[in-house]
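Structure first, commentary second.
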Amino acid sequence: MLPQSTDVLVIGAGNAAFAAAHAAREHGCRVTVLERAPEDEAGGNTRFTAGAMRFAYRGVDDLVALMPDLTEEELATTDFGTYSEEQFFDDMYRVTEYRTDPDLCELLVTRSRETMLWMRSRGIRFAPIYGRQAFKIDGRFKFWGGLTVEAYGGGPGLLEAWQQACVRDGIDIIYQARAERLIVKDGKVTGAMVRHNGTDQPVMATSVVIASGGFEANPEWRTRYLGPGWDLAKVRGSRFNTGEGIRMALDIGAAPYGNWSGCHAVGWERNAPEFGDLAVGDHFQKHSYPWGIMLNARGERFVDEGADFRNYTYAKYGRVILEQPGQFAWQVFDAKVSDLLRPEYRIKEVTKVKADTLEDLCAKLDDVDGERAMETIGAYNQSVQTDIPYDPNVKDGRCTKGLAVRKSNWANTLDTPPFEAYAVTCGITFTFGGLRIDTSGRVLDQDLEPLEGLYAAGELVGGIFYFNYPGGTGLMSGSVFGRLAGKSAGEHAGPQG
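If you count the sequence shown from 1, you need to add 14 to reach my numbering.
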């Protein structure tokens, strides 16, 4: 039942929203969470994520503190490495081309580990990402790319744990409750008008936290801000992330901020549905392209598949695929790397061709100039520097020479049958533009003054990501800034019994 009032009103019910709700609850506040979706589709993009979380850690002892159930065998057979704050800063600045807001980035990096430990104290469990982030070499797993840990059970598991914590801590979640506008009185945000059970009702609150995602599921906004053609992208996650939280804040004078023409977009199953499918989850993604090549409709390579670890390129290559003729590409592999392909390539909902010769494979690539594809593969094979050792755990420098589009690492000749190819298009995850906040999580107005009573967290916070994104940083950002916003909202509301 929708309450008439609460101390802290949280709009949204994904990872960032729940982090905010629990941080506010720690201040003794009554907390109400509004979820626009029905319960079986609740959770925003969190429900669709694989659950990876990037955070700074000094070594295995930090990981054991977070995952005390690691076995002796796991510890003995795994090189977890380290991921320092300096490395995290370097990755953030490098992939955002030094555009990331320095104050927000500092909070993200320096509070990442403590936030993970705080989440564990709230009942969230974590596990190493063996299946997607490590390869076993000489009997020992080695992690790469600065990404080691995921929420237990992925995104669905993370949501379930947050929801159980809400029951334990007395936080109410109201489903199919759509916040339509913010209520402002004497310059202060005092609640929201909410549509629930067919009627519009005000819910008054001392503090409001908006954590309802970006505008990736809004084709009109995508085309307006990201540019022509973005209405054709598939939506990886929730159909409910249409930018309503951003709009409500802008309507009362909030400052827009960040990379409004940028987004997180990946290679995604070409024939996937318009929005994410909960039965398939994140498995429409196709992220093993560093081990093969990608061809467009002209039968040509168009991107450096081995420019960097997948973690640092996958979120921008969706845009590049969208720019190709027909908005698609084919990822091509041979048998030498088939055992390295991620589990998402083995699902039944996949557009795949297989052949014992390259000629037959190219003939099967729908909508592709097969003759030109054969020429491209032939030139590629001749250009591979086979004298450089191949190593999937490091940027091995095994490159091509003499091609217009270079492959910088992991260049393998395509010469061992059977050959496989997978059709992909662009899948948009979340948008980078959003609201401007200060280092307390308060939403700022266009004079860069706080809008009293209003806080924000998650995908709708602008200024953190530009152009690209280091894998696993979205959930970490939502957790850090959700906790921050909830703490500030709780302090503003004060204990109300």
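Yeah, the Cβ is synthetic: ideal placement off N, Cα and C, and Gly gets one too.
Given the structure is predicted, the values throughout are model-derived calculations rather than measurements.
Give me, in chain order, the residues of the same chain whose beta-carbon lies closer than 6 Å to that of residue i; leave out the 5 immediate sequence neighbours on both sides.
i    : result
S454 : S502
I5   : With the chain covering 15 to 511 only, the question about residue 5 has no answer from this structure.
E53  : Y189
D115 : G477
R195 : M207, M262
A30  : A225, A471, G472, G492, G496
F103 : V123
M81  : F140
E234 : none
If you draw a straight line from the C-alpha of residue i to the C-alpha of residue j, how long is it?
i    : j    : result
Y328 : K350 : 22 Å
V45  : V382 : 54 Å
V78  : G313 : 48 Å
R50  : L16  : 13 Å
F32  : N325 : 26 Å
S98  : R72  : 6 Å
V398 : D429 : 12 Å
C43  : H36  : 10 Å
R209 : A191 : 6 Å
K362 : R284 : 13 Å
M262 : V163 : 35 Å
L240 : V74  : 41 Å
R154 : A179 : 36 Å
A425 : S352 : 14 Å
L84  : T91  : 11 Å
N423 : L465 : 48 Å
E288 : E120 : 36 Å
A38  : I260 : 21 Å
G511 : L264 : Confidence is the limiting factor: at G511 the pLDDT is only 36, short of 50, which leaves the residue's position unreliable, though a coordinate-based value still follows. About 33 Å.
I138 : K415 : 48 Å
Y112 : N482 : 11 Å
G201 : Y271 : 21 Å
Given a cut-off of 8 Å, decide if residue j and residue i are closer than it, judged by their beta-carbon atoms.
i    : j    : result
D245 : T256 : no
V494 : R125 : yes
V317 : V419 : yes
G492 : G28  : yes
E358 : N59  : no
L379 : W344 : yes
V123 : A470 : no
A393 : L354 : no
E319 : G306 : yes
F347 : E434 : yes
M67  : A141 : no
H273 : F479 : Per the sequence shown, residue 273 should be read as Asn rather than His. Yes, the Cβ-Cβ distance between N273 and F479 is below 8 Å.
L375 : V367 : yes
A269 : R450 : yes
G486 : L173 : no
A175 : L48  : no
G441 : A286 : yes
V438 : F323 : no
A247 : L118 : no
T129 : G467 : no
M490 : F69  : yes
M106 : P484 : yes
With DSSP as the reference, please indicate the residues paired to residue i in a beta bridge.
i    : result
V459 : It is worth fixing the name first, because residue 459 is Asp in this sequence and not Val. Answer is A268, bridged to D459.
Y469 : V223, R456
Q345 : M308, Y436
H278 : F444
Y189 : E49
R154 : I151
A179 : A179 pairs with nothing; no bridge assigned.
E283 : V438
T92  : F155
V419 : V419 is not bridged to any residue.
Keeping to the same chain, check which residues put their C-beta closer than 8 Å to that of residue i; ignore five residues upstream and five downstream.
i    : result
M14  : Here the chain comprises residues numbered 15 to 511, so residue 14 is not present and cannot be evaluated.
Q338 : N310, A311, F316
F62  : G169, R250, G251, S252, G290, L292, G295, D296
R386 : R312, G313, E314
H41  : K501, G504, E505, A507, G508, P509
D76  : R127
P431 : D348, A349, A369, D370, T371
D214 : E194, M207, V208
In chain order, what residues of the same chain have a beta carbon less than 7 Å from the beta carbon of residue i, not counting five sequence neighbours either side?
i    : result
K156 : D93, A148, F149, N407
A499 : A34, V223, G455, Y469, A470, A471
A56  : A27, E49, Y189
P216 : I197, G205, M207
Cβ of residue i less than 8 Å from any chain D Cβ?
i   : result
A66 : Reference to chain D is not applicable here, since this structure consists of a single protein chain.
Practice problem: Determine, using beta-carbon pairs with one atom in the stretch 325 to 341 and one in the stretch 271 to 285, whether at least three such pairs fall under 8 Å. | Solution: yes
Quiz item: Within the chosen definition, does the stretch 443 to 452 reach the stretch 215 to 232 through at least 3 CB pairs nearer than 8 Å?
Solution: yes
Quiz item: Between the stretch 487 to 503 and the stretch 20 to 29, do three or more beta carbon pairs fall short of 8 Å?
Solution: yes
Quiz item: Does the pairing of the stretch 299 to 310 with the stretch 459 to 476 give three or more beta-carbon distances under 8 Å?
Solution: no
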